[in-house]
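Using the UniProt record's numbering, read the sequence shown as starting at 1 and increasing by one per residue. Using N, Cα and C, we set each Cβ at its ideal position, and we do this for glycine too. Worksheet for the structure shown next.
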Amino acid sequence: MVLSYLLGSSLNYYFLRFCLPSNEQNIPEEDLHCPVCSELFTNPVVLECSHSFCKTCIDNCWNGQFKRICPVCRTPCLSERPPASLVLMNIVESFRVRQQSSLERTEQSREESQERESTQSRVQSTVSKGQQSRLHPGLTIHSLPAFMLALVSRMR
């Protein structure tokens, strides 16, 4: 967990805060996942050992425990309330936004592709069946020259 290690010191905080935003896309997705729940961090906190966890996950791990230890490295933790990792929170939020944008672009591309295929299918059907034109009711479309049919088939 490279990212967890980097969040440990103020020098690393400075690095992440001012140097990382342009490079945050290079962070492996697995470094944005909590080692307890394996989900993207939610309200991440950082322990003295530099490991990060969701606040809820670490609270659940420590619930009723007299001795608080890191679930990853078993290092004793002195703080009952580990500090929030604002940098990690911002990186995860940025990742979620990019992921959502990517999903929306994929969905839009899929819809455009389906619409294009539907239009091509209707054109091919009209050409091959010799139907009445909807735009010009008196005009019957019998056939198109070969180059038009080739153009329609290339659009697929």
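Item, Value
"Assign Val97 to one of two classes, buried (16 or more other C-beta atoms within 10 Å of its C-beta) or exposed (fewer than that).", "exposed"
"To the nearest angstrom, how far is the alpha carbon of Lys46 from that of Phe66?", "Per the sequence shown, residue 46 should be read as Val rather than Lys. When rounded, the distance between both Cα atoms is 19 Å."
"First and last residue of the alpha helix (DSSP H) that includes Cys57?", "55-62"
"If contacts are defined as beta-carbon pairs under 8 Å, then Cys73 and Cys34 qualify, I think. What distance do you get, rounded to the angstrom?", "Not quite, the Cβ-Cβ distance comes to about 15 Å (not below 8 Å), so this is no contact."
"Ignore the nearest five residues each way along the sequence and tell me which others in Phe15's own chain have a CB closer than 6 Å to its CB.", "For Phe15, the predicted structure reports a pLDDT of 48, less than 50, and the residue's modelled location is therefore unreliable. The matter cannot be settled from this model."
"Does Pro82 pass the burial test, meaning 16 or more other C-beta atoms within 10 Å, or should it be called exposed?", "buried"
"Provide the residue(s) that pair with Pro44 in DSSP beta bridges, ordered along the chain.", "Cys54"
"By a C-beta neighbour count over all protein chains shown, 10 Å radius and 16 as the cutoff for buried, is Pro44 buried or exposed?", "buried"
"Threshold first: 3 residues or longer. Then list the beta strand (DSSP E) segments lying entirely within the stretch 69-130, N to C.", "none"
"Exposed or buried, what is Leu78 when buried is set at 16 or more other beta-carbons lying within 10 Å of its beta-carbon?", "exposed"
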